[in-house]
Amino acid sequence: MASVTTVAPTAATKSASKSGKTSVPGRGLRLTGYYLILLIIVIVFITPYLFSLFAAFKPLGDILGQSPARPPTSPTWANFRQIFTQDDFGRYLANTLLVTVILTIGQVTFSMMGAYAFAKMEFPGRDALFWMYLATLMVPNVVTLVPLYVMFAKAGLLNTYWAILLPYTLGVPQAVFLMRQNFMTIPKEVMEAARLDGCSESRILWRIVVPISKPIIITATLLAFVFGWNNFLWPLIVTNSNSLNVLSVGTANLNSNFADQWNLVLAASLVALIPMVILFAIFQKYIVRSISLTGINR
Amino acid sequence: MSVAAVTTGLGKPKSSEATPAADRRRIRTAFAFLAPSLVGVVLFLVIPVILVIILSLTQWNLLTPLKWVGFSNYANIFKYDAFGHSLLVTAYYVVLNIPIQTVVALGLALLLNNKLRGSAFVRIVAVLPFLATPVAMSVVWTWFFDPTNGIVNQLLGHIGIAGPAWLSDAATAMPIVAFANIWQYAGYNMLFFLAGLQAIPPSMYEAASLDGAGKLSQFRRITLPLLRPALLFVLVTGVIGSFQVFDTAFVLTNGGPGNATTVANLNIYNTAFQGFRIGEASAMSVILFLVILVVTVLQFTYFNRRTTYEMV
Chain A
8 MASVTTVAPT AATKSASKSG KTSVPGRGLR LTGYYLILLI IVIVFITPYL
58 FSLFAAFKPL GDILGQSPAR PPTSPTWANF RQIFTQDDFG RYLANTLLVT
108 VILTIGQVTF SMMGAYAFAK MEFPGRDALF WMYLATLMVP NVVTLVPLYV
158 MFAKAGLLNT YWAILLPYTL GVPQAVFLMR QNFMTIPKEV MEAARLDGCS
208 ESRILWRIVV PISKPIIITA TLLAFVFGWN NFLWPLIVTN SNSLNVLSVG
258 TANLNSNFAD QWNLVLAASL VALIPMVILF AIFQKYIVRS ISLTGINR
Chain B
401 MSVAAVTTGL GKPKSSEATP AADRRRIRTA FAFLAPSLVG VVLFLVIPVI
451 LVIILSLTQW NLLTPLKWVG FSNYANIFKY DAFGHSLLVT AYYVVLNIPI
501 QTVVALGLAL LLNNKLRGSA FVRIVAVLPF LATPVAMSVV WTWFFDPTNG
551 IVNQLLGHIG IAGPAWLSDA ATAMPIVAFA NIWQYAGYNM LFFLAGLQAI
601 PPSMYEAASL DGAGKLSQFR RITLPLLRPA LLFVLVTGVI GSFQVFDTAF
651 VLTNGGPGNA TTVANLNIYN TAFQGFRIGE ASAMSVILFL VILVVTVLQF
701 TYFNRRTTYE MV
């Protein structure tokens, strides 16, 4: 409750209402103002989704002629039918799913194994290697873009699923670090006891560590999935065949070829946006927590 | 068991029932666990960082033999590829983007850090854009800001204002690219401020108001200083990301009109993957890396000094 009293005034000073002590009617007014602001915030964040949802089910004429705030009068699947038949969005959707799922499973599994080794096992060079992982955490993506492309070109892997996947599938330092920090908090006695009972390390990881670390693993999974789904620049440069396009690349292509066909490009955008909205609706608590976690750990 | 339990952290203790053979087996297992991510980190991060520096000293189109040119790329990208201009454009984007995004995120956090009904829902809604595919959302923004068919100019038309051409106007194009980014990440950054706010003990405010400190001075003397770690995180990660902006600029304007929004990453993309001038693009990448590094170090230094100053 204390937070209410500290928060409201700072917001109020911005909206220039400086009614120091709150009388009862003043409080009601401020509450109304507060909810008005909340409403505006919700509108700002929801409108792009809502209007493109409406537009994707309208013929082009209605998109141009009607208010975008108006729901479709006679909703039609025609736009989606067109991008799935005349363009290849079914294929793009399948590609995106395939790439994202493999990327996510690989990244989480391999990062988890690395994190467990760093957190709970002893081997020579552990600290030096961990510092190397930490150092690579600081490397901005843009730096590795050109050399990675050169490596994939020379390996003859351009225009393959491997090219899209590989750089992010063998484990990334962010995920290793995230899970390592979490595994560090598991009491050492747990492992010692299991080892005395003759448990192998992989049994300890899969049967003991994974079950008690479910929240952090879900966090890493969600972050990897969102990254894989939204990734654009890397798939754009390593593929140039229609059959390998992911949704982001397919949408950008469609947009540059049919910029005025709002019915089509908005339907295409929606195919990429909606699954993330659904993911968010299901996992919002985890996602909110995931973000805070990455902040604290970094 | 107790011997092993006592050892902590980063040392290299012997485990209790260690025989050389068991030790060797354990080390082998550890490296087996580490192998995939180690291969990934070395192959896709360490080697590329070394390679980009080497490539920046060459002229190469991937087909003809590679030619060593020393440091001449570093001069030529400024002379012939307008890389200086794209760095300025990027800096302009960062300057537009970061302060507004940070203030909006902080404002949202202050506004929503309470137990009033509805606040929790709005907190959630504000985070939703973080998941939006930037390419897809940029398409939606292109529609919103379309000069003739876009809702923004339609609304402006209702109140008698002839809206600008937005993305086709050099003056408004970059602010829209920044807006797209602010919309996407304001709620995301809000979460770090919320976490920071919730870590401030309420007793500090109680003590301050007993001492007669007003709300504004409480905000300046308690809230802001204690939010400093969150602020540093939001600024540092935001700036690093902003210097690499690509998706939104590519879809919204593709660098135009003219080269008003040709950010550094777009210049690198065009040089490397349209012009196939690998050496020049590598030199650009190295410079951008250095710029990001310097700006990041500056932020840390500034924050450290300010923190000490405030503490005294």
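For the record, the sequence lines run as chains A and B.
The letter at position 243 of the first sequence is residue 250 when you use this note's numbering, and the numbering goes up by one with no holes.
The letter at position 165 of the second sequence is residue 565 when you use this note's numbering, and the numbering goes up by one with no holes.
Glycine included, every Cβ here is placed at the ideal spot set by N, Cα and C.
Since this is a predicted model, take the numbers as computed values, not measurements.
Item, Value
"Cβ-based burial, Leu488(B) [other Cβ within 10 Å; buried from 16]", "exposed"
"Segment contact, 8 angstroms Cβ cut-off, at least three pairs: the segment 446 to 459 of chain B with the segment 218 to 233 of chain A", "no"
"Among Ser299(A), Tyr123(A) and Ala182(A), nearest to Val216(A) - alpha-carbon criterion", "Tyr123(A)"
"Three-state secondary structure assigned by DSSP to Gln699(B)", "helix"
"Supposed contact pair Val295(A) and Leu591(B) - C-beta distance, whole angstroms, cut 8 angstroms", "6 angstroms"
"3 or more residues per run - each beta strand (DSSP E) lying fully within the segment 69 to 151 of chain A", "none"
"is_contact[Ala227(A), chain B] using C-beta, thresh 7 angstroms", "no"
"Separation of Asn86(A) from Phe265(A), as counted between CA atoms", "13 angstroms"
"Residues that Ser118(A) contacts on chain B, provided the C-beta gap is smaller than 7 angstroms", "Ser437"
"Beta-carbon proximity check, Phe125(A) vs Gly178(A), cutoff 7 angstroms", "no"
"Whole-Å CB distance - Tyr2(A) paired with Leu104(A), under 8 angstroms assumed", "With chain A covering 8 to 305 only, the question about residue 2(A) has no answer from this structure."
"Neighbouring residues, chain A, relative to Val651(B) (Cβ below 7 angstroms)", "Ala259 and Asn262"
"According to DSSP, residues forming a beta bridge with Gln459(B)", "Lys467(B)"
"Exposure of Pro180(A), with buried meaning 16 or more beta-carbon neighbours within 10 Å", "buried"
"Rounded straight-line distance, which links the Cα of Glu129(A) to that of Val539(B)", "50 angstroms"
"Cutoff 7 angstroms: Gly440(B) Cβ touching any chain A Cβ", "yes"
"Residue range of the unbroken alpha helix (DSSP H) whose run includes Phe673(B)", "Note, Phe673(B): premise wrong, no alpha helix (DSSP H); not H, not E."
"Buried versus exposed, by CB contacts within 10 Å (16 or more), Ile692(B)", "buried"
"Helix, strand or coil at Ser220(A) [DSSP, three-state]", "coil"
"Close-in-space but distant-in-sequence residues of the same chain around Gly121(A) (CB under 7 angstroms, 5 per side omitted)", "Gly178 and Val183"
"Assigned secondary structure, Pro657(B) (DSSP; H/G/I helix, E/B strand, else coil)", "coil"
"The alpha helix (DSSP H) enclosing Gln644(B), as first and last residue numbers", "Here Gln644(B) belongs to no alpha helix (DSSP H), and DSSP marks it neither H nor E."
"CB contact check: Asn497(B) to chain A, cutoff 7 angstroms", "no"
"Coarse secondary structure for Lys28(A), derived from DSSP in three states", "Any reading at Lys28(A) is ruled out, since the residue's pLDDT is 47, under 50, leaving its predicted position unreliable."
"Cβ neighbour criterion (16 or more within 10 Å) applied to Phe700(B)", "exposed"
"Outcome for Phe521(B) when other beta-carbon atoms lying within 10 angstroms are tallied against a minimum of 16", "exposed"
"Val14(A), DSSP secondary structure in three states", "Any answer about Val14(A) is weak, because its pLDDT of 39 lies below 50 and its placement is not dependable; what the coordinates show is given next. Helix."
"Ser263(A) - containing alpha helix (DSSP H), residue span", "Leu254 to Asn264"
"Neighbour flag for Gly518(B) against chain A, beta carbons, 7 angstroms", "yes"
"Nearest neighbour of Gln644(B), chosen from Met684(B), Gly658(B) and Asn514(B) [CA to CA]", "Met684(B)"
"Whole-number beta carbon distance between Tyr99(A) and Asn252(A), since they are thought to touch under 8 angstroms", "5 angstroms"
"Close-in-space but distant-in-sequence residues of the same chain around Gly596(B) (CB under 6 angstroms, 5 per side omitted)", "Leu627 and Ala630"
"Residue-chain proximity (Phe52(A), chain B), Cβ-Cβ < 7 angstroms", "yes"
"First through last residue of the alpha helix (DSSP H) which encompasses Leu165(A)", "Here Leu165(A) belongs to no alpha helix (DSSP H), and DSSP marks it neither H nor E."
"Nearest-angstrom Cα separation, counted from Tyr493(B) out to Trp583(B)", "14 angstroms"
"Chain A contact for Pro465(B) (CB, 7 angstroms cutoff)", "no"
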